[in-house]
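Just so you know, we're using the numbering used here here: the sequence shown kicks off at 1 and counts up by one.
Where a beta carbon is used, it is the ideal one built from N, C-alpha and C, also for glycine.
Read the structure below first, then the notes.
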Amino acid sequence: MDFYQVLEKRRTIRDFSDKEVTEEVLEKVLSTAFKAPTNDHLRQFEFVVVRGQENIARLISLVAENTQKIQQAGLEAAASTMDKDEYTMFVDALPKQQRMLMQSNCLVLPFFRQKDCPLCYPADQSSLNYFASAWCAVENILLAATAEGLSCAFRIPIGNEPEHVKHLVHAPEEYEFTCFLAIGYAAENTHICKQKEIRVMDRIHRNVW
Ligand SMILES: Cc1cc2nc3c(=O)[nH]c(=O)nc-3n(C[C@H](O)[C@H](O)[C@H](O)COP(=O)(O)O)c2cc1C
């Protein structure tokens, strides 16, 4: 696959088969995190890889609880505020939040070192450099996984999920994690959300907006 094909092919996949991701491929994919741009040349990323249904279930125990709360309150409200593509994605994704993390049987927790300011209390935009670098690294992982024939889905932690996870995996105090990242092989009948149709020329402004 050439690079642009990889970009086209990378989609969020929330239905996985039971085919296992080998350690060798996983290591290759995760190594690309260290090729992404990083503020201050830090590259302070660490990964906790969790396999086994019991281990994963323990880590994501709050996901089901928190998602259910959103599901009850959120879907009705979402219908009136989201556009059709967004809403269709939301309806498919929401009930799968817990299942998708279990199904691939390969849950990756990408951690990054957050220095100076607490992540959720930035002093200014540059305090978010650690977070931004961590997401550059995640994007590399998503693309590398795609190039290897793998698929990914991720969930952003909400509420008390980060503290819960950090405690369970014994993460050092100054480390934060980006997301719950499921890496695996897509199920045969996997659902892929409709891509938004965007005219790039409409989004490019010359000299002024
Ligand atoms: C910052 C960010 C947060 C996201 N949070 C979630 C999430 O919590 N759960 C989920 O299933 N997908 C999540 N997604 C995936 C998006 O829903 C998905 O990227 C979007 O619908 C476009 O689909 P595509 O990835 O197939 O192009 C998130 C994506 C981004 C970039």
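Distance between residue 123 and residue 20, taken at the CA atoms: about 43 Å.
Nearest Cα to residue 17 within the set 42, 99 and 199: 99. In this structure, ligand 1 has a non-hydrogen atom nearer than 6 Å to the beta-carbon of residue 89. In the three-state DSSP reduction, residue 146 falls in the helix class (H, G or I). Within the same chain, Cβ atoms closer than 6 Å to the Cβ of residue 103 are found at 16, the five residues on either side in sequence being excluded. For residue 121, there is no enclosing beta strand (DSSP E), as DSSP marks it with neither H nor E. If you check the C-beta of residue 11 against ligand 1, you find a heavy atom less than 6 Å away. Excluding the 5 residues flanking it on each side, residue 142 has same chain C-beta neighbours closer than 6 Å at 10 and 152, in chain order.
In terms of Cβ geometry, residue 157 and residue 138 do not form a close pair [threshold 7 Å]. Residue pairing by DSSP places residue 110 opposite 47 in a beta bridge. Residue ranges of uninterrupted beta strand (DSSP E) with 3 or more members, entirely inside the stretch 155-193 and ordered along the chain, are 175-177 and 180-184.
Residue state for residue 104 is assigned as coil, using DSSP reduced to three classes. When DSSP reads this structure, residue 151 sits in a beta bridge with 184.
Rounded to the nearest angstrom, the gap between the Cα atoms of residue 129 and residue 92 is 32 Å.
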